[in-house]
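A.B. asks:
Number of protein chains: 2
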Amino acid sequence: MVAQPLEHLRHSLAHLLGAAVLDLYPGSKLAIGPAIEDGFYYDIDFSSAELRGQTRIGTQTYADQKMVISDSDLPKIEKKMREILKSWEVFEKIDVTPDEARKIYNGNQYKTELINELEKNKQPITLYYSGPETSIPAKKSLLQATSYKPQAGFLDLCRGGHVEDVKEIDPEGFKLTHIAGAYWRGSEKNPMLTRIYGLAFYAKEELDAHLRMLEEAKKRDHRKLGKELGLFTIAEEVGPGLPLFYPKGAILRRLVENFITEIQEKRGYMPIWIPHVTKGELYKISGHLEKYDALYPPMRLPDEADYYIKPMNCPHFMMLYKSLPHSYRELPIRYVCTTTNYRYEKSGELSGLTRVRSLTQDDCHVFATSEQIEKEVGLMLDMIEETYKVFGFNDFHVRVSIRDIKTPEKYIGDSDVWEKSEKILEGLIKNRNWKYDIGEGEAAFYGPKLDFIFKDVIGRPWQLSTVQLDMNLPQRFGLEYVDTDGTKKQPVVIHRAILGSTERFLGILIEHYAGAFPVWLAPVQVAVLSVSDKQSEAARAVEQRLKNASIRAELNNENETLGKKIRGAELQKIPYLAVIGEKEVVSDMVAVRQRGKGDLGQMSVESFIAEVTQEEKAKSL
Amino acid sequence: MVAQPLEHLRHSLAHLLGAAVLDLYPGSKLAIGPAIEDGFYYDIDFSSAELRGQTRIGTQTYADQKMVISDSDLPKIEKKMREILKSWEVFEKIDVTPDEARKIYNGNQYKTELINELEKNKQPITLYYSGPETSIPAKKSLLQATSYKPQAGFLDLCRGGHVEDVKEIDPEGFKLTHIAGAYWRGSEKNPMLTRIYGLAFYAKEELDAHLRMLEEAKKRDHRKLGKELGLFTIAEEVGPGLPLFYPKGAILRRLVENFITEIQEKRGYMPIWIPHVTKGELYKISGHLEKYDALYPPMRLPDEADYYIKPMNCPHFMMLYKSLPHSYRELPIRYVCTTTNYRYEKSGELSGLTRVRSLTQDDCHVFATSEQIEKEVGLMLDMIEETYKVFGFNDFHVRVSIRDIKTPEKYIGDSDVWEKSEKILEGLIKNRNWKYDIGEGEAAFYGPKLDFIFKDVIGRPWQLSTVQLDMNLPQRFGLEYVDTDGTKKQPVVIHRAILGSTERFLGILIEHYAGAFPVWLAPVQVAVLSVSDKQSEAARAVEQRLKNASIRAELNNENETLGKKIRGAELQKIPYLAVIGEKEVVSDMVAVRQRGKGDLGQMSVESFIAEVTQEEKAKSL
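The listed protein sequences correspond, in order, to chains A and B.
Here the first sequence stands for residues 0 to 620, where the numbers follow numbering that gives the first Met the number 0.
Here the second sequence stands for residues 0 to 620, where the numbers follow numbering that gives the first Met the number 0.
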């Protein structure tokens, strides 16, 4: 990753956090403090901090005489950070030898371990001083003192990457958010450290906007809404990361998947079907057996073979192509299949629908000649654009990942095809006037690719669609077609997913819409509510008429007040409520309420059906 | 199984086969000779048969001085059977002691092994003599001879079940069909024996009809047609029993599955979605871990759990129900899901689509009160009837499997519910005037069931739909609902599949239609054929108009003669051919040929679209 200015700001703030902690809790041992997405953290060992009377703080009590801090201590630390920041003027780099560094960090086993590793890897060791310009430590003084601390300011083992000018740090542009336990270097075998998280932006306004977004995201949390709206559940007995979908969630899945099927098939893509398991032999050919980490362990069949549940579809697609002879006249062959893959992600990393172990991909593989790449990718871009417009994701940018031309040996495939297709990919994006950046050296070894990053309605970026050229699998599987001149040639494969996975996309979609799905996506489009028992039969008849018109209607004939029924339907975020009282029965009407618009008054059942159908076709927000 | 008269006939013929073999190949050792579906076989060890000059027969040569017979020897054996049959007058039972039996079968290790087992299990040992009435061996003579053979006729170790009168055997009603290798008792560790297969019916006419059916079935073989019509393939690298579907097969799958989805949902069934894997814990609760043979071996996740790929869906369905509280007002809850299961069937038993390891079930579980059983099963019968009428399976019967009331301890669940539901099941079938039989003692331990056996167009029976009551899983999973009086009660679960599995049903369907699918099912409904290059653009436009009208059209603009194009489309069994020549371009017409009807003459493209759409809606043969 190329360091970004914002990353420098965040990393600088990790230093500031470290300085504040050492000041408030002398004797604490700092471990590592990197910049992360939206902010920074520092992992700290508080176990040897001095128990000064005045630092016995927060609501927590000491356990085994160890210093324990909690979220309630964060304002104090934040305050200290702002106080220290005032005195900081420079970030100053100081080169040291491994021995010097070890001497300075005498007693801090974490920094010592890092120093030993840097030495082993023959990497330079640098310290960074931050503080008043007048107190920059002389190299000499460092060498002479064990466990050296500067007179003023703060010293940290660090490879660099800070703000150019300390003034760039807005004292109101950062905020400590929470504390979590974190094993040293992520391994359960190591001691548990205390991780303090912070957010950081250039200015207070950006921080505030981000905090508002987080607040909004919390309300929209798809795990919470998924439960409230009866969309999906995760069962302990089935396992983490393996959601089961209730009818409303299953309908949502189907609507989204069918939408993709339709936009594909009207463009000539052809469905295939593949099983979810395979002999390991297939992954030996594809190379996944050797290189793919998230593969579930094998099912070992006695006297036969090891079988695997598929973590991706490419090898199965290749086999379908390979099973028949092909001529140039058939190309491009565009195979699609929406099918579930299984990836063994660590259980600690799983979350609702957005990080799962069962992911249903809207997968596509196009087998084409290199002349067809441009047209085929263009078709894919059309579909991506059409899809995200419909779902109301209007802000996006594209990352074009290409080779690092300085290391051609890292890539396979014809160099001409590489050069040509990189140009094609960039050109196609450019011609559409889409925002994009070039990721030099970020292409896979087997081909360049496009990644689409969409912002949802509250501004969060999500990497979703992807288009990827592949010159590797056609080679590994020995794919061929007979060209115009009768010779055998190797096709190019273009991988593509529009949604990425149904599960993750639905997780994002639930939050994007805050569960208030547009009519065409709403699992229940109309709640039919009888005012009292007397209208229950008429209400049932209306429900049936709506269903006959292919409207997803749900009847509530419970013995409850109308007010309660309406509130219930509104909590379910159902787009339309059709109320049936005595008047409506007599006149064959319904009293309609629309989500977000309120009371629409009475209308005939026929007009209401026309209204809902019209709204469904609009496929708008 | 209750022995049936036809089974007696077939078993009698196995004796006759054994007698003929001993006569032609003295020294052969007979192993076992049971009746099977449509006929019988005998497993024989020819390795010690006497190599008499006149019995060196067939096209095979001797291997290691062992007697080898081949299919070409069968007419000779069949002839000998008819010759011997003439002399047979009786089947006579003779009780013997284990020692007597072992003496008689001295030197025949197979029969000796069977005798030892019968002795161990304290079962009676009986021999059957078949031959002239005058030569029935006296018990005394048997006791005196080692390797005894009767003067005339044939003696076999046998538990009985023969024709009452030898005259019942029509000498022209049987036929030896083929030879296969078969391990003694089915185990690879045992010696390979020679199995001779025969067909047998009451009369020559029935045998002939059966042979004609086999001939027809061979032509319709779905493995052959599946390849010719480009429907599916099986790849060595993926594994046996795991078919991959080409676009045409995938479309066929979808049409069949969508049909079931539609007829379910219009009746209020609700889709759900479940993942294909689960922790073993789920199957511990359901009991499958202990009892289910075809479960694939586990995927062992380090530090977490054993995961399994699901062989059935019931436990996942149970979890969805269990994850929410339920009231009597919600019942019946009707969950459906068409999803693929994986069963580890032995590779030797796999065949095309009809015996697979990946089977996609149109699964349904209804959670109901016991009062709702009748209505719910009734709804299922409606759907089964509707489905098979549409697919042209008009001849069927139902097996009603109930308890054996003499052994109530073998069944779980409320006895009243059992009695009531058995009556309901039989009553529902009776009321519809459907053919049925009662399978006493054939219910599962957890509930009675209905199995539907449909005959295809060439008369072969296929067990397809099934409806099964379950009082076990609700108990094991502790399922509950709150009843009207506020008490918690256990729902009954009704399992149901209409097609059984998509794969097997498609295999049957391909043979049923001999690949000539009706319009609504045909993967390609119209082949658009240009007469020459000059019409290729017009033909492409017609293809597009058909596609816009949701007709599955395929264009052939190849540089071939029209005759060749027509033959190609006919071999693909495409229902309609739309030919476009110069005349048609000028008049905006197409020249239409319909499969089975021939030339329909010219019609406007609009009329043609109307015709195809009309035919599609008819959903007829």
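A virtual CB, placed ideally from N, CA and C, is assigned to each residue, including glycine.
Every value quoted in this text rests on a predicted model; they were computed, and no experiment measured them.
For the segment 225-305 of chain B, list the alpha helix (DSSP H) runs that are entirely contained and at least 4 residues long, ordered along the chain.
C.D. replies: 246-264, 279-285 and 287-290
A.B. asks: What does DSSP give as the partner residue(s) for Val89(B) in the beta ladder?
C.D. replies: For Val89(B), which the question treats as bridged, DSSP gives the partners Gly130(B).
A.B. asks: Do His161(A) and His7(A) have their C-beta atoms within less than 8 Å of each other?
C.D. replies: yes
A.B. asks: Using the C-alpha atoms, what's the distance from Asp455(A) back to Gly426(A)?
C.D. replies: 26 Å
A.B. asks: Which residues, in chain order, does the segment 237-248 of chain B contribute to contact with chain A at a C-beta distance below 8 Å?
C.D. replies: Val237, Gly238, Leu241, Pro242, Leu243, Phe244, Tyr245, Pro246 and Gly248
A.B. asks: Please identify the residue among Met212(A), Asn189(A), Leu198(A) and Glu303(A) whose C-alpha is closest to the C-alpha of Gly238(B).
C.D. replies: Comparing Cα-Cα distances from Gly238(B) to each of Met212(A), Asn189(A), Leu198(A) and Glu303(A), the minimum goes to Glu303(A).
A.B. asks: Where does Leu505(B) land, buried or exposed, given buried means 16+ other C-beta within 10 angstroms?
C.D. replies: buried
A.B. asks: Measuring only between beta-carbons, confirm whether Met311(A) sits less than 8 Å from chain B.
C.D. replies: no
A.B. asks: Hey, how far is the Cα of Leu620(B) from the Cα of Pro522(B)?
C.D. replies: For Leu620(B), the pLDDT reaches just 44, beneath the cut-off of 50, and the residue's location in the model is therefore unreliable, leaving the point undetermined.
A.B. asks: Is the shortest distance between the beta-carbon of Met298(A) and the beta-carbons of chain B less than 8 Å?
C.D. replies: Contact of Met298(A) with chain B is assigned, a C-beta pair being separated by under 8 Å.
A.B. asks: By Cβ distance below 7 Å, which residues in the same chain neighbour Arg252(A) in space, the five residues on each side in sequence not counted?
C.D. replies: These residues qualify, in order along the chain: Phe244, Thr501 and Leu505.
A.B. asks: Contact between the segment 598-611 of chain B and the segment 578-590 of chain B is defined here as three or more beta-carbon pairs at a separation below 8 Å; is this criterion met?
C.D. replies: yes
A.B. asks: Let me know the secondary structure DSSP gives His315(B) once reduced to three states.
C.D. replies: His315(B): helix per DSSP, three-state reduction.
A.B. asks: How should Leu323(B) be labelled, buried or exposed, when 16 other C-beta atoms within 10 angstroms of its C-beta is the threshold for buried?
C.D. replies: exposed
A.B. asks: Note down the Cα distance separating Thr58(B) from Glu280(A), rounded to an integer number of angstroms.
C.D. replies: Because Thr58(B) carries a pLDDT of 49, less than 50, the predicted location of this residue cannot be relied on, and the following value inherits that uncertainty. So the alpha carbons of these two residues sit roughly 40 Å apart.
A.B. asks: With a cut-off of 8 Å on the beta carbons, I'd call Ala568(A) and Leu508(A) a contact; round off their distance for me.
C.D. replies: Beta-carbon to beta-carbon, Ala568(A) and Leu508(A) are separated by about 21 Å, too far to satisfy the 8 Å threshold.
A.B. asks: Put Ile509(A) into one of helix, strand or coil per three-state DSSP.
C.D. replies: Three-state DSSP puts Ile509(A) in a helix.
A.B. asks: Using the beta-carbon of each residue, which ones in chain B are nearer than 7 Å to Ile579(A)?
C.D. replies: Per Cβ cutoff of 7 Å: no residues; Ile579(A) is ~19 Å from chain B at best.
A.B. asks: Which residues bound the alpha helix (DSSP H) around Arg9(A)?
C.D. replies: Pro4 to Leu23
A.B. asks: By alpha-carbon positions, which one of Leu241(A), Val276(A), Pro310(A) and Arg299(A) ends up nearest to Lys278(B)?
C.D. replies: Leu241(A)
A.B. asks: Taking the CB atoms as reference points, tell me whether Thr339(B) and Leu358(B) lie closer together than 8 Å.
C.D. replies: In this structure, Leu358(B) lies closer than 8 Å to Thr339(B) by Cβ.
A.B. asks: Can you say whether Gly458(A) is buried or exposed, counting buried as having 16 or more other CB atoms within 10 angstroms of its CB?
C.D. replies: exposed
A.B. asks: Between the segment 151-160 of chain B and the segment 178-198 of chain B, are three or more C-beta pairs nearer than 8 Å?
C.D. replies: no
A.B. asks: Can you list, in chain order, the residues of its chain with a C-beta nearer than 7 Å to that of Gly229(A)? Leave out the 5 residues immediately preceding and following it.
C.D. replies: Tyr245 and Lys247
A.B. asks: What residues in the segment 536-556 of chain A have a beta carbon less than 7 Å from any beta carbon of chain B?
C.D. replies: none
A.B. asks: Using a Cβ-Cβ cut-off of 8 Å, state whether Lys278(B) counts as contacting chain A.
C.D. replies: Any Cβ of chain A closer than 8 Å to the Cβ of Lys278(B) would place that residue at the interface, and such an atom is present.
A.B. asks: Arg495(A) by DSSP, collapsed to three states: which one?
C.D. replies: strand
A.B. asks: On a Cα-Cα basis, can you pick out the residue from Glu384(A), Met80(A) and Ala13(A) that is closest to Asp450(A)?
C.D. replies: Glu384(A)
A.B. asks: Whole angstroms is fine: what's the gap from Leu224(A)'s alpha carbon to Asp305(B)'s?
C.D. replies: Going by the C-alpha atoms only, they are around 31 Å apart.
A.B. asks: Label Leu16(B) either buried or exposed according to how many other C-beta atoms from any shown protein chain fall within 10 Å of its C-beta, with 16 as the threshold for buried.
C.D. replies: buried
A.B. asks: Where in the segment 337-384 of chain A do unbroken runs of the beta strand (DSSP E), each at least 3 residues long, occur, reported from the N-terminal end onward?
C.D. replies: Counting whole runs of 3 or more residues, the segment 337-384 of chain A contains the beta strand (DSSP E) stretches 357-367.
A.B. asks: Give the secondary structure of Ile332(A) by DSSP, where H, G and I count as helix, E and B as strand, and everything else as coil.
C.D. replies: strand
A.B. asks: Rounding to the nearest angstrom, what Cα-Cα distance links Gly562(A) and Pro517(A) in this structure?
C.D. replies: 24 Å
A.B. asks: Using a Cβ distance threshold of 8 Å, determine whether the segment 471-481 of chain A contacts the segment 284-296 of chain A, with at least three qualifying pairs required.
C.D. replies: Look at the beta carbons and you see the segment 471-481 of chain A touching the segment 284-296 of chain A: at least three pairs across the two are nearer than 8 Å.
A.B. asks: Considering only the beta carbon of each residue, do Trp461(A) and Glu615(A) sit closer than 8 Å?
C.D. replies: With contacts defined as CB atoms closer than 8 Å, Trp461(A) and Glu615(A) fail to qualify as a contacting pair.
A.B. asks: Which of the three DSSP states, helix, strand or coil, is assigned to Gln59(B)?
C.D. replies: Confidence at Gln59(B) is low in this model, with a pLDDT of 47, below 50, so its placement is unreliable and the value that follows should be read with caution. It is coil, neither helix nor strand.
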